[in-house]
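Asks: In our numbering, the protein residues as written are 1 to 673.
Listed below in C-alpha cells is the structure:
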C-alpha cells in the first residue's frame with residue numbers, strides 16, 4: 001500500500017489517502033481510476049525504500065483526524081492527537097498513539113492555539129504536522145513557525161498556501177492567470193459602512209464572504225443595505241471564531257448557480273492535468289449537503305475549458321500534488337462509474353433546513369453491510385455531539401456503475417443507517433435523492449428553497465406508502481399482543497389464555513385514520529392485513545428486538561426502523577422520516593374521540609432558543625421597545641452565528657440570559673409584554 005498525500009488549497013485539505021490494489025478496491029465497491037477517459041488512469045505505487053516519518057501530529061479533530069490516523073497505522077507511523085477538553089473521549093483521541101489536551105472547547109483556545117500545539121510537537125518529538133482541513137490548514141504563520149523548528153507541514157508549498165489560502169489574494173492571482181472570476185471588490189472590506197458602499201457599487205445581491213477558510217462559514221447573501229450590515233457583522237464574527245482571521249471581501253452574488261469543482265493534479269516539474277469534476281450544488285447555508293461525481297450538467301467542451309483554467313491557476317502558484325482550485329475537497333469521490341456523497345449532520349432539517357442538534361449517540365450503526373458503501377465518520381456509539389464544533393456525523397458515499405445504481409445504493413444505505421440520541425438530516429437526504437428534479441439533474445444551489453418553499457416537512461407519503469406503514473405498525477401491535485399473552489400463560493396458575501390471531505384495529509398517522517384487520521396465519525407464518533379495501537400479505541420474518549425491519553409486503557421489500565413503543569403508539573422511521581402511528585383496538589379508538597384536545601401554549605411574546613448554543617450578544621434591555629423582526633439575541637452553535645428576532649412588536653419584559661451563557665433547545669431567552 002502507498003500513502004498519497006492529497007494536498008488541497010482553497011480550504012486546504014491535506015490528508016493521507018491509502019491507495020490499494022485494484023482487486024481489493026473492487027471488492028470494497030470503490031474505484032481507483034480518476035477519469036472518465038480510460039487512458040487517464042492513475043495510481044500511486046509504493047516504494048519500500050522511500051523514507052517516511054516516524055511520528056506525525058494531527059492538528060485537527062473528528063472525521064479527518066480518524067482518516068489520517070488510520071492511514072498512519074497502516075504505514076506503521078505513530079500518531080499524536082491534540083484535542084480540546086470536551087473532545088477527551090472522542091474517537092480520534094482513542095485511536096491515536098498519544099493524545100494531549102490543548103485547551104478548552106472554544107477553537108481559539110484549542111484547535112487554533114498555535115503556541116500550545118507547537119509545545120506538544122516539541123514534547124512528543126513529532127516530525128510532521130497534518131492539519132486536515134479548516135482550522136490551521138491554510139495558515140501561513142503556522143506553516144512558517146513549523147519550518148523554523150524543523151517540523152514538516154504536510155501540505156502544499158508556502159507559495160500555494162500564501163497565494164490560495166487567502167481569497168482576496170487568490171482572486172488577483174486568478175485574474176493574472178486569465179481565469180474567469182465573479183465580479184466584485186478587489187481588496188479587504190474593513191467595516192459595515194464600507195461594506196454598504198461597496199455593495200451599492202457592485203449592485204445587489206452580493207455575497208459577503210470571509211477571505212480565509214471555507215466550509216460555508218463566514219458567508220452571507222445580502223439583498224439590501226440592512227442585510228449587508230447584518231451579514232457583514234455576523235460573517236466577520238463567524239470567521240474570527242472559525243479561522244482566527246476576520247478579513248472580509250464582497251463580490252456579486254450569482255443567482256441560480258451550479259457549484260461544480262474541478263480536481264487537478266500537478267507535479268514538481270511544472271506538469272499539470274485535471275481529473276474531471278464533482279457537483280456540489282445541493283447546499284444549505286452555503287454548505288454542501290449532497291455531492292456527486294461526475295456532474296450531470298457538463299458537456300465535454302465545458303469540462304475541457306474548466307479543466308484548462310483549473311490547471312492554469314494551479315501552475316500560477318507552483319502547485320504540486322492534488323488540489324481543488326475552487327473550494328477544498330473534503331471527500332474521496334472517484335469518477336469511474338458514478339458516486340454520490342450525502343453528508344449526515346446532527347441537525348433538524350425541518351428547521352431552516354438544518355438547525356444543529358446536540359446530545360449523546362445512544363445507538364449508532366453505520367450501513368456498512370450495504371454493497372458499495374463507504375462511511376467516513378469521526379464518531380461511535382456513545383459519542384457526544386457538542387455545541388462547539390461542526391455538526392458532521394458522517395460522509396456517506398455510495399458507488400454505482402451508473403447514476404441510478406449509485407442513487408439506489410444510497411437509498412438503501414440511508415434506510416439502514418441507525419442514529420439515535422440526536423436529531424439528524426437523513427429524512428431530507430432520503431427525500432432529495434428520489435425527488436424528480438434531482439433525479440433529472442435539474443439542480444442549482446437554490447434547489448432546497450425551490451423544491452421546499454415552505455421548508456422541509458418530512459417525506460410526503462403516497463396513499464399506498466401510508467397504508468404499508470400503518471399495516472406494519474398494526475403487525476407490530478399484533479406481535480406484541482401475542483408475546484404478552486404467551487408471557488401471561490407462562491406465569492398463569494389459573495389456566496392458559498388463548499393467544500389471539502385476529503385483531504380489528506384503528507391506525508392513525510398525520511391526522512388520517514385507517515381502520516384495518518390483522519390476521520395471523522400460523523401455518524404459513526405470515527400476516528394478512530386488510531386496509532383501505534386491499535389485502536397485504538407480510539411474512540412473519542422480522543423480530544421486534546431489531547431496530548431495522550425489512551418487511552416483504554406483497555413480495556416487495558421495504559425497510560423500516562423501529563423506534564420507541566408506548567401503549568397505543570408505534571414509532572417508525574420510513575423513507576428517512578420518523579412517524580408516530582397510533583394503533584388502538586377499534587373499541588378503544590371510538591372512546592378516544594370523546595377526549596378533550598390539549599391546547600398549545602401561545603409563545604408569540606417569547607424568544608425561544610431554536611437550538612442549543614452560546615449567547616454571543618444581547619441587543620436589547622428590559623423596557624426597550626422592539627419591532628417585529630428586530631434582532632434581540634445572537635446565538636452561536638457549531639461555529640455558526642444565528643440571529644434571533646422578535647416575533648412581534650412590544651416591550652421587553654424580562655431577559656433570561658446574558659452574553660456568554662450556554663442554553664438548551666427551547667429555553668426561553670426573552671419575554672415581551
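Glycine residues also receive a C-beta, built at the ideal position from the N, C-alpha and C atoms.
In the DSSP assignment, find the unbroken alpha helix (DSSP H) run with residue 99 in it and report its ends.
Replies: Locating residue 99 in the chain shown gives position 99, where the first residue counts as 1. Here residue 99 belongs to no alpha helix (DSSP H); instead the beta strand (DSSP E) covers 98-103.
Asks: Please say whether residue 130 and residue 77 have beta carbons closer to each other than 7 angstroms?
Replies: For the purposes of this step, residue 77 is taken as residue 77 along the chain shown, with counting starting at 1. For the purposes of this step, residue 130 is taken as residue 130 along the chain shown, with counting starting at 1. Against a cut-off of 7 angstroms, the Cβ pair of residue 130 and residue 77 comes out as no contact.
Asks: If residue 574 sits next to residue 86, beta carbons under 8 angstroms apart, how far is it from one beta carbon to the other, in whole angstroms?
Replies: Against the chain shown, residue 574 aligns to sequence position 574. Against the chain shown, residue 86 aligns to sequence position 86. Wrong, their Cβ atoms sit about 35 angstroms apart, outside the cutoff.
Asks: Just how far apart, CA to CA, sit residue 423 and residue 580?
Replies: As a position in the chain shown, residue 423 is number 423, starting the count at 1. As a position in the chain shown, residue 580 is number 580, starting the count at 1. Approximately 15 angstroms between the Cα atoms of the pair.
Asks: I'd like to know whether the C-beta atoms of residue 458 and residue 577 end up nearer to each other than 7 angstroms.
Replies: Residue 458 sits at position 458 when you count from the first residue of the chain shown. Residue 577 sits at position 577 when you count from the first residue of the chain shown. Yes, Cβ-Cβ distance for residue 458 and residue 577 is below 7 angstroms.
Asks: State whether the region 464-471 contacts the region 523-536, with contact taken as three or more CB pairs (one from each stretch) at a distance under 8 angstroms.
Replies: Yes: the two stretches touch, three or more of their Cβ pairs being nearer than 8 angstroms.
Asks: Near residue 550, what residues of its chain come up, given a Cβ to Cβ distance below 6 angstroms and the 5 sequence neighbours on each side ignored?
Replies: Indexing the chain shown from 1 puts residue 550 at position 550. Once the five neighbours on either side are set aside, the close Cβ partners of residue 550 are 557 and 559.
Asks: Whole-angstrom Cβ separation of residue 516 and residue 526, contact assumed at under 8 angstroms?
Replies: Within the chain shown, numbered from 1, the residue matching residue 516 stands at position 516. Within the chain shown, numbered from 1, the residue matching residue 526 stands at position 526. Actually they do not touch by this definition, with Cβ atoms about 16 angstroms apart.
Asks: Which whole-angstrom value describes the C-beta separation of residue 395 and residue 162, a residue pair presumed to lie in contact below a C-beta threshold of 8 angstroms?
Replies: Counting from one through the chain shown, the residue named residue 395 turns up at place 395. Counting from one through the chain shown, the residue named residue 162 turns up at place 162. The pair is not a contact, with the Cβ atoms about 29 angstroms apart (cut-off 8 angstroms).
Asks: Given residue 666, which residues of its chain have a CB within under 7 angstroms of its CB, disregarding the five upstream and five downstream residues?
Replies: Reading the chain shown from its first residue, position 666 is the one you call residue 666. Result list for residue 666: 608 and 609, in chain order.
Asks: On the three-state DSSP scale, how would you describe residue 468?
Replies: As a working note, residue 468 is residue 468 in the chain shown. Correct three-state label for residue 468: helix.
Asks: Label residue 209 either buried or exposed according to how many other C-beta atoms from any shown protein chain fall within 10 Å of its C-beta, with 16 as the threshold for buried.
Replies: In the chain shown, the residue the question calls residue 209 occupies position 209. Classification of residue 209: buried, given that the 10 Å Cβ count is 16 or more.
Asks: Could you name the residues of the same chain whose beta carbon sits closer than 7 angstroms to that of residue 93, not counting the 5 residues immediately before and after it, in chain order?
Replies: On the chain shown, position 93 is the one that residue 93 refers to. So the list reads 81, 83, 87 and 99, once near-sequence residues are dropped.
Asks: Cβ of residue 583 within 7 angstroms of Cβ of residue 478?
Replies: Here residue 583 refers to the residue found at position 583 of the chain shown. Here residue 478 refers to the residue found at position 478 of the chain shown. In this structure, residue 478 does not lie closer than 7 angstroms to residue 583 by Cβ.
Asks: Go ahead and label residue 223 buried or exposed: buried means 16 or more other beta carbons lie within 10 angstroms of its beta carbon, across all protein chains shown.
Replies: Within the chain shown, residue 223 is the residue found at index 223, counting from 1. That one is exposed.
Asks: With DSSP as the reference, identify every bridge partner of residue 574, one or two as the case may be.
Replies: Position 574 of the chain shown, counting from 1, holds the residue named residue 574. Partner(s): 560 and 577.
Asks: Taking C-beta to C-beta, are residue 142 and residue 114 nearer than 7 angstroms?
Replies: Within the chain shown, the letter at position 142 stands for residue 142. Within the chain shown, the letter at position 114 stands for residue 114. Cβ atoms of residue 142 and residue 114: closer than 7 angstroms.
Asks: How is the beta strand (DSSP E) around residue 300 delimited, first residue to last?
Replies: Residue numbering aside, residue 300 sits at position 300 when the chain shown is read from its first letter. Segment 300-316 is the alpha helix (DSSP H) holding residue 300; no beta strand (DSSP E) there.
Asks: At which residues does the alpha helix (DSSP H) containing residue 447 begin and terminate?
Replies: Position 447 of the chain shown, counted from the first residue, corresponds to residue 447. Here the alpha helix (DSSP H) through residue 447 covers 447-451.
Asks: Using the beta-carbon count (16 or more within 10 Å), is residue 613 buried or exposed?
Replies: As a first step, residue 613 must be located in the chain shown, where it is residue number 613. By the neighbour-count rule (16 or more Cβ atoms within 10 Å), residue 613 is buried.
Asks: Helix, strand or coil for residue 285 per DSSP?
Replies: By 1-based counting over the chain shown, the position of residue 285 is 285. Three-state result, residue 285: coil.
Asks: Determine, using beta-carbon pairs with one atom in the region 257-270 and one in the region 294-303, whether at least three such pairs fall under 8 angstroms.
Replies: These segments touch.
Asks: Contact between the region 143-158 and the region 277-288 is defined here as three or more beta-carbon pairs at a separation below 8 angstroms; is this criterion met?
Replies: No, the region 143-158 does not touch the region 277-288.
Asks: When you compare each of 480, 356, 375 and 352 to residue 452 by their alpha carbons, which one comes out closest?
Replies: On the chain shown, position 452 is the one that residue 452 refers to. Considering only alpha carbons, the answer is 352.
Asks: Hey, quick one: how far does the beta strand (DSSP E) through residue 638 stretch, first residue to last?
Replies: Here residue 638 is taken as the residue at index 638 of the chain shown, counted from 1. Counting along the chain, residue 638 falls outside any beta strand (DSSP E), and DSSP gives it neither H nor E.
Asks: How many Å lie between residue 626 and residue 350 at the Cα?
Replies: Sequence index remark: in the chain shown, residue 626 carries index 626 (1-based). Sequence index remark: in the chain shown, residue 350 carries index 350 (1-based). So the alpha carbons of these two residues sit roughly 28 angstroms apart.
Asks: At the level of alpha carbons, what is the spacing between residue 289 and residue 192?
Replies: Taking the chain shown and counting its residues from 1, one reaches residue 289 at position 289. Taking the chain shown and counting its residues from 1, one reaches residue 192 at position 192. Computed Cα separation, rounded: 30 angstroms.
Asks: Pull up the DSSP beta-bridge partners for residue 375, would you.
Replies: Counted from its first residue, the chain shown places residue 375 at position 375. For residue 375, which the question treats as bridged, DSSP gives the partners 396.
Asks: If residue 677 and residue 429 are in contact, beta carbons under 8 angstroms, what's the gap, nearest whole angstrom?
Replies: No answer is possible for residue 677: the residues shown for the chain start at 1 and end at 673.
Asks: Quick one: is residue 587 buried, meaning 16 or more other Cβ sit within 10 Å of its Cβ, or exposed?
Replies: In the chain shown, residue 587 corresponds to position 587, counting from 1. Residue 587 is exposed by the Cβ-count criterion.
Asks: Distance check for residue 671 and residue 628, CA to CA, integer angstroms please.
Replies: Locating residue 628 in the chain shown gives position 628, where the first residue counts as 1. Locating residue 671 in the chain shown gives position 671, where the first residue counts as 1. Cα to Cα, residue 628 sits roughly 14 angstroms from residue 671.
Asks: Which residue wins for smallest C-alpha separation from residue 656, given the options 647, 369 and 668?
Replies: Counted from its first residue, the chain shown places residue 656 at position 656. Per the Cα distances, 668.
Asks: Per DSSP, what kind of secondary structure is residue 56 in: helix, strand or coil?
Replies: In the chain shown, counting from the first residue as 1, residue 56 sits at position 56. Three-state result, residue 56: strand.
Asks: Taking 7 angstroms as the threshold (C-beta atoms), are residue 420 and residue 397 in contact?
Replies: In the chain shown, the residue the question calls residue 397 occupies position 397. In the chain shown, the residue the question calls residue 420 occupies position 420. Taking 7 angstroms as the Cβ cut-off, residue 397 and residue 420 do not qualify as a contacting pair.
Asks: From this set, 285, 362, 343 and 149, which residue's C-alpha is nearest residue 449's C-alpha?
Replies: Counted from its first residue, the chain shown places residue 449 at position 449. Selected option, being the one with the closest Cα: 285.
Asks: Buried or exposed for residue 34, going by 16 or more other Cβ atoms inside 10 Å?
Replies: Taking the chain shown and counting its residues from 1, one reaches residue 34 at position 34. Any reading at residue 34 must be qualified, since the residue scores a pLDDT of 32, below 50, and its modelled position is unreliable; no value is offered.
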